[in-house]
Amino acid sequence: QIVENKLAACVNIVPKVISIYEWKGKIENDSEALMMIKTRTSRVDELIAFVKKNHPYEVCEVITT
3 QIVENKLAAC VNIVPKVISI YEWKGKIEND SEALMMIKTR TSRVDELIAF
53 VKKNHPYEVC EVITT
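In the numbering used here, the protein residues as written are 3 to 67.
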């Protein structure tokens, strides 16, 4: 939907990334997918809102550069 809705020109998905993190006082070790989304600066705010709305996690991580 991200590319279809023109929020980004390209999305790279890296499956089966292992993430180790602390959540609610407990160390977790999970397999996740990593998405790298390439978009214009003018679309970043709209893209972040879309990701937060559609991501299944209570707190999702979004990194911009």
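Think of the CB as a built atom: it goes at the ideal place given N, C-alpha and C, for glycine as much as any other residue.
Three-state class that DSSP yields for residue i in the structure shown
{"i": "residue 28", "result": "strand"}
{"i": "residue 65", "result": "coil"}
{"i": "residue 54", "result": "helix"}
Candidates the options: closest to residue i by CA position
{"i": "residue 67", "options": "8, 39, 59, 53", "result": "39"}
{"i": "residue 46", "options": "24, 59, 65, 30", "result": "65"}
Supposed close pair residue i, residue j - CB separation, criterion 8 Å
{"i": "residue 35", "j": "residue 53", "result": "That belief does not hold up - the Cβ atoms of residue 35 and residue 53 are roughly 13 Å apart, past 8 Å."}
{"i": "residue 49", "j": "residue 43", "result": "At roughly 10 Å, the Cβ-Cβ gap does not stay under 8 Å, so residue 49 and residue 43 are not in contact."}
{"i": "residue 33", "j": "residue 20", "result": "6 Å"}
Within 9 Å, strictly: CB atoms of residue i and residue j
{"i": "residue 13", "j": "residue 37", "result": "yes"}
Neighbourhood of residue i by C-beta, 8 Å cutoff - its chain only, sequence neighbours within 5 removed
{"i": "residue 62", "result": "53, 54"}
{"i": "residue 31", "result": "20, 21, 22"}
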